[in-house]
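In the working numbering, the protein residues as written are 984 to 1213.
Using N, Cα and C, we set each Cβ at its ideal position, and we do this for glycine too.
These numbers come from a predicted model, not from an experiment.
Only one structure is covered here, and it is reproduced in the block below.
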């Protein structure tokens, strides 16, 4: 029988893993290896673990990835590479630019105050995302990698029972979700649906949108459980 501590540990491990998966999806060109990882049982199991009584979107997400697993062939991967380039790289106009500042400023341009705010948060935690300086700080892949790094660090602290650090890292992630990712990913996901090509990335954007909602609730629940025991 799994006790409450083990349940929290499993949740933390699952969300850490999934943030790594989402970072990979939106931060790297698709490949056979990537798609096998994204559609692996580890991924679909992690999604299904987040099934909620009033929100079954992660079960639907797992089913979508299972359907993709059957399509992993060279011609399909080539089509995904084209979709990835068209939607997330350019150079043609993208229906859903992958930068936060585009969605929270009237001018819809890059490198605004929000970009600098995100950079300061990275620096505060001593985290330098993989593609830092190659893309703007508020690129979707960098923001997802930042949460992944915080969650990975929190996972280690939880295993070592350093609960004060765990609580602070949970609060930091909650704030980043609330004031950054959740402020623009819904608009990003909705804009993705305007794409002429809907093989993979528009649906993954929707899945990410739903995942962030569920993850925010998970953070609050874990915080409440930890605080009750302190």
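Here residue 1010 is buried, its C-beta having at least 16 other C-beta atoms within 10 Å. Going by C-alpha positions, residue 1096 is about 43 Å away from residue 1056. If you draw a straight line from the Cα of residue 1014 to the Cα of residue 1108, it is about 31 Å long. For residue 1176, no alpha helix (DSSP H) run applies, since DSSP gives it neither H nor E. Collapsing the DSSP output to three states places residue 1041 in a helix. Here residue 1108 carries a coil assignment [DSSP, helix/strand/coil]. Here residue 1128 is buried. Its C-beta has 16 or more other C-beta atoms within 10 Å.
In this structure, residue 1198 and residue 1086 do not form a Cβ contact; the two beta carbons are roughly 19 Å apart against a cut-off of 8 Å.
Residue 1076 and residue 1110 have their C-alpha atoms spaced approximately 31 Å apart.
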